[in-house]
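Undergrad: According to mature numbering (1 follows the signal peptide of the UniProt record, and there is no 0), the stretch in the sequence shown is residues -28 to -1, 1 to 668, in order. Don't be surprised by glycine CBs; every beta carbon is placed ideally from N, CA and C. In this text, all values refer to a predicted model and were calculated from it rather than measured experimentally. Pasting a structure below so you can have a look.
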Amino acid sequence: MLRKTRWLLAVAVTATSLTALPGGSATAGPSGIGRTGTPAASVDGKTHTVTLLTGDVVTVRSTGSGCPHATVRPADENAAISQTCGPDGHLHVVPARVAAQIGSVLDPDLFDVSTLIADGYDDDNATDLPLIVQPATASARVAALGDVLSLPSIGAVAGRVPKKSPATAKLATNSLLAGAKKVWLDRKVRATALTGGGEHTDLDRNLGQIAASDAWKAGYTGKGVRVAVLDTGADFTHPDLIGRVADRADFTAEGGDAVDHNGHGTHVASTVAGTGAAAHGQRRGVAPDAQLVIGKVLDDHGSGEDSGIIAGMEWAATRADVINMSLGGSDPDDGNDPLSLAVDGLSRSTGALFVIAAGNSGGAISSPGSAASALTVGAVDRDDKLAEFSSRGPLVTSNVAKPELVAPGVDIVAARAAGTNLQDPIDEHYEAISGTSMASPHVAGAAALLAQRHPDWTGAQLKAALVGAADPLRGIDPYAVGAGRLNAARALGGPTSNQPVVNLGTFAYPQSGTGETELSWAGESTAVLDLDVAIVNHDGQPVPRGAASLSTDRVTLRRGTSAGTTLRVNRAALAARPGFYLATVTARTAGRKLVSTTPVSFYVEQPSYDLTIRTRPMPGLTDGAESWVNLMVVNLTDPTIYYGGASGAPGETFTLRVPAAGTRCSAPPSPTTSTTTCWRRRSSGRPTWTCAASAR
């Protein structure tokens, strides 16, 4: 599939020196220009004070739209502070003394003031800052955190640093930098449900949409399989859940009995394995005979911290075959955050399958659905139309295709927790809710059916088979629906795919050579499969002839064996057509009956080159003053498209990969920022942009 973007590069290079006056405060506008003054008074009541991990105190006043206004009181008298507002409108405040560690050691979210306020970590709502820390060595102790929660799945601990004083925070930061390999903000994660309000769709109709009844007729109802639901807990007195819960635990900050006072977890749990008892068996879950393991990781408001969720994941992975997580963060993610790393680590060590909602932003996928090993699920309505809210790929940074498949997630009727009124009540026992939260448990239930059929299979095998068995959806961006809509019955009989969505990565410019991947299928009886390959762009037009081919278009499977083919992609044939592609390999029987669908994704980089930016130290700095360079690369046509950035000391050289078309360099006009001079030269026939920045 092909997406076209008009590329126009803006490179902003800012060299800043800022000395705070004793007893005063330092402020910086979006361009990073320093000045002194006092915090501005709020005119609309939206003023927040945030103490950073470094002890620097930021006072933020909302401007109603766009970037907020902020003033900074540095922890050190001669501290340099950078303030920037990114394309997403988030305010970042970075002390120069830790700028070099941000990204490599320190989580950028620790200095994202907008995120800190949104998660309730401003000074009015929190007296300490929650962190997740990977120690530098296995034996290292993170003294700055005090009492900690161990998170062995990612080799980390979680704890809190008090905001008692700037001096306390400074000591804590020094301790962390000396003994930590990675320090993350313990982010808030929320349930991924939306309002109902549409046509009520009984769960039974959804079951027909995914062919669950066909699986039941074949004798597969999830019996003997455990599915963990990590959510807001469950109403253990609900008729549909009585007798279905094998274990429970509460991992929220308040602790407790794992009872659901929100309603989200009960709805999700009954979609997986509800008996339908309150509706005379008419509103059963996908796997009505499966046992549930309930972990309450989200509080009664539907939110929880990363550390508590990871603890719940570690607990559940030792007790269940399949783990449903209908929750996620709010920001796009590439799968390198603590939650995603925990999903990948636990998937490898326990063999459990994590089924995770894609999210409801309608944009890029967030954590933990960004985890590579997760079976990430988007949402469609009753007519297999993509839900507008369903988050979609590719993942930021990595360009990986997600979600792997979609399932019904619009106006889903399932169990209603006692005393709750979450969305759209139907009666005392049921309500309608929409969201990828509702789609994910359909897939978790289908995984339970397949696990009953193959009790020795790993989560990776369950994932591959379910993705391969999906019903393809035509006319919809495959980066939004993956292999297609869930078909719970197809994977139970006949040949199964040995791989889910395959990601070949980025074909860097200039494209040459061949990209290859091995595809295979496992047989349960003798069968001949005809394999067809097709690559189309978003408008349904074929790519150049010869761009993709199979080493063989027919494989013979016999019971208990695997056979396959090699998909080859000619990179050079795609050089003139950059963008996101997805090759769909279909396996069919001799009678042309569809057996399996395997999407293979890759990104063809447009003509791009290395942008080298050489900076020079600013002259005339006083002894002890700090200075540094901030670099941000954005698309001038659409500033929300962010290509990356870097920071460091003046005198350093930075290299970034940038598109060639319409490229230019610029610096913010300011007497305290650097002058940026750019020129183009050719080396071995390849143009290279070089920018030299120096103080005016």
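Taking the CB atoms as reference points, tell me whether A374 and T348 lie closer together than 8 Å.
TA: Position 402 of the sequence shown, counting from 1, holds the residue named residue 374. Position 376 of the sequence shown, counting from 1, holds the residue named residue 348. Residue identity check: residue 374 is Lys in the sequence provided, not Ala. Cβ distance < 8 Å, so K374 and T348 count as in contact.
Undergrad: Please list the segments of the alpha helix (DSSP H) lying wholly inside the stretch 538 to 563, counting only runs of 4 or more residues, in order along the chain.
TA: None, since the stretch 538 to 563 contains no complete alpha helix (DSSP H) of that length.
Undergrad: So for I89, helix, strand or coil by DSSP?
TA: For the purposes of this step, residue 89 is identified with residue 117 of the sequence shown, where counting begins at 1. It is helical.
Undergrad: Ordered along the chain, which non-local residues of its own chain (more than five positions away) have a Cβ less than 6 Å from that of V541?
TA: Numbered from its first residue, the sequence shown carries residue 541 at position 569. Excluding sequence neighbours, V541 sits near G487, A520.
Undergrad: Whole angstroms are fine: how far does the CA of P380 sit from the CA of N475?
TA: Mapped onto the sequence shown, residue 475 falls at position 503. Mapped onto the sequence shown, residue 380 falls at position 408. If you take the alpha carbons of N475 and P380, they lie about 25 Å apart.
Undergrad: When you compare the CB positions of D96 and T21, do they come within less than 8 Å of one another, or not?
TA: Indexing the sequence shown from 1 puts residue 96 at position 124. Indexing the sequence shown from 1 puts residue 21 at position 49. It is a contact, given that the beta carbons lie within the stated cut-off.
Undergrad: Kindly indicate the opening and closing residues of the beta strand (DSSP E) around D186.
TA: Residue numbering aside, residue 186 sits at position 214 when the sequence shown is read from its first letter. Run containing D186: none in the beta strand (DSSP E); it sits in the alpha helix (DSSP H), 184 to 189.
Undergrad: Is W156 helix, strand or coil by DSSP?
TA: Counted from its first residue, the sequence shown places residue 156 at position 184. Of the three classes helix, strand and coil, the one that applies to W156 here is strand, per DSSP.
Undergrad: So what's V349 in DSSP terms, helix, strand or just coil?
TA: Position 377 of the sequence shown, counting from 1, holds the residue named residue 349. Strand at V349.
Undergrad: At what residue ranges does the stretch 340 to 414 contain a whole run of the beta strand (DSSP E), taking only runs of 3 or more?
TA: Segments of the beta strand (DSSP E) lying fully in the stretch 340 to 414: 347 to 352, 377 to 380, 384 to 387, 402 to 405.
Undergrad: Can you give me the C-alpha to C-alpha distance between T493 and A130, rounded to a whole angstrom?
TA: Against the sequence shown, residue 493 aligns to sequence position 521. Against the sequence shown, residue 130 aligns to sequence position 158. Thr is not the amino acid found at residue 493; the sequence shown has Trp there. Roughly 42 Å separates the two Cα atoms.
Undergrad: Tell me, please, whether the CB atom of T193 is closer than 8 Å to any CB atom in chain C?
TA: Here chain C cannot be found, since the structure has a single protein chain.
Undergrad: First and last residue of the alpha helix (DSSP H) that includes E488?
TA: Along the sequence shown, read from residue 1 onward, the residue named residue 488 stands at position 516. Not the alpha helix (DSSP H): E488 falls in the beta strand (DSSP E), residues 486 to 494.
Undergrad: For the stretch 415 to 470, list the beta strand (DSSP E) runs that are entirely contained and at least 3 residues long, ordered along the chain.
TA: Complete beta strand (DSSP E) runs here, min 3: none at all.
Undergrad: Which of the three DSSP states, helix, strand or coil, is assigned to I328?
TA: Indexing the sequence shown from 1 puts residue 328 at position 356. Here I328 sits in strand by DSSP.
Undergrad: Out of F208, R564, Q578, which one is the CA nearest neighbour of G551?
TA: Here residue 551 corresponds to residue number 579 of the sequence shown, with the count starting at 1. Answer by Cα proximity: Q578.
Undergrad: Give a yes or no on whether the C-beta atoms belonging to L313 and M285 are separated by under 8 Å.
TA: By one-based count along the sequence shown, residue 313 stands at place 341. By one-based count along the sequence shown, residue 285 stands at place 313. Not a contact, by the Cβ cut-off of 8 Å.
Undergrad: Hey, how far is the Cα of H239 from the Cα of I281?
TA: Along the sequence shown, one-based indexing puts residue 239 at 267. Along the sequence shown, one-based indexing puts residue 281 at 309. Approximately 19 Å between the Cα atoms of the pair.
Undergrad: Output the distance between the C-alpha atoms of A436 and N234, rounded to the nearest integer angstrom.
TA: Residue 436 sits at position 464 when you count from the first residue of the sequence shown. Residue 234 sits at position 262 when you count from the first residue of the sequence shown. Their Cα atoms are separated by approximately 33 Å.
Undergrad: Within the same chain, show all residues whose beta-carbon is closer than 7 Å to that of L434, passing over the 5 residues directly before and after it, in chain order.
TA: Residue numbering aside, residue 434 sits at position 462 when the sequence shown is read from its first letter. Answer for L434: L325, A419, L422, A423, listed in chain order.
Undergrad: Quick one: what does DSSP say Q181 is sitting in, helix, strand or coil?
TA: For the purposes of this step, residue 181 is identified with residue 209 of the sequence shown, where counting begins at 1. Reduced to three states, the DSSP call for Q181 is helix.
Undergrad: Classify D213 as helix, strand or coil using the three-state DSSP reduction.
TA: For the purposes of this step, residue 213 is taken as residue 241 along the sequence shown, with counting starting at 1. The sequence shown places Leu at residue 213, not Asp. L213: coil per DSSP, three-state reduction.
Undergrad: Within this structure, are the beta carbons of L121 and A283 separated by less than 8 Å?
TA: Within the sequence shown, numbered from 1, the residue matching residue 121 stands at position 149. Within the sequence shown, numbered from 1, the residue matching residue 283 stands at position 311. Taking 8 Å as the Cβ cut-off, L121 and A283 qualify as a contacting pair.
Undergrad: Around the Cβ of N470, are there at least 16 other Cβ atoms within 10 angstroms (buried) or fewer (exposed)?
TA: Translated into positions along the sequence shown, residue 470 becomes position 498. N470 comes out buried.
Undergrad: Alpha helix (DSSP H) containing G276: first to last residue?
TA: As a position in the sequence shown, residue 276 is number 304, starting the count at 1. Segment 275 to 277 is the beta strand (DSSP E) holding G276; no alpha helix (DSSP H) there.
Undergrad: Along the chain, where does the beta strand (DSSP E) that runs through S580 open and close?
TA: Mapped onto the sequence shown, residue 580 falls at position 608. From DSSP, the beta strand (DSSP E) with S580 extends over 580 to 587.
Undergrad: Which residue marks the beginning of the beta strand (DSSP E) containing H64, and which one marks its end?
TA: To locate residue 64, count along the sequence shown from 1; it is residue 92. Residues 63 to 67.
Undergrad: On the DSSP bridge list, what partners appear for R291?
TA: As a position in the sequence shown, residue 291 is number 319, starting the count at 1. Note: R291 sits in no beta bridge, so no partner.
Undergrad: In or out: Q254 buried (at least 16 other Cβ within 10 Å) or exposed?
TA: Position 282 of the sequence shown, counted from the start, is the residue given in the question as residue 254. That one is exposed.
Undergrad: To the nearest angstrom, how far is the alpha carbon of E496 from that of R560?
TA: Numbered from 1 along the sequence shown, position 524 holds the residue referred to as residue 496. Numbered from 1 along the sequence shown, position 588 holds the residue referred to as residue 560. Approximately 15 Å between the Cα atoms of the pair.
Undergrad: Starting from L318, follow the alpha helix (DSSP H) in both directions and report where the run begins and ends.
TA: As a first step, residue 318 must be located in the sequence shown, where it is residue number 346. First-last of the alpha helix (DSSP H) with L318: 310 to 322.
Undergrad: Touching or not, the stretch 195 to 202 and the stretch 240 to 251, by the rule of three or more beta carbon pairs under 8 Å?
TA: Yes, they touch.
Undergrad: Is it buried or exposed, H41, if we count other Cβ atoms within 10 angstroms and call 16 or more buried?
TA: Start at 1 with the first residue of the sequence shown, and residue 41 comes out as number 69. Counting Cβ neighbours within 10 Å, H41 comes out buried, since at least 16 surround it.
Undergrad: Under DSSP, the beta strand (DSSP E) around A42 begins and ends at which residues?
TA: Residue mapping note: residue 42 aligns to position 70 of the sequence shown, counting from 1. Element bounds for A42: 41 to 45.
Undergrad: According to the Cβ coordinates, are G417 and P571 closer than 8 Å?
TA: Here the question's residue 417 lines up with position 445 in the sequence shown. Here the question's residue 571 lines up with position 599 in the sequence shown. No; because the gap between Cβ atoms is not below 8 Å, this pair is not in contact.
Undergrad: Beta strand (DSSP E) containing G131: first to last residue?
TA: What you label residue 131 is simply residue 159 of the sequence shown in a count that begins at 1. Per DSSP, G131 belongs to the beta strand (DSSP E) from 128 to 134.
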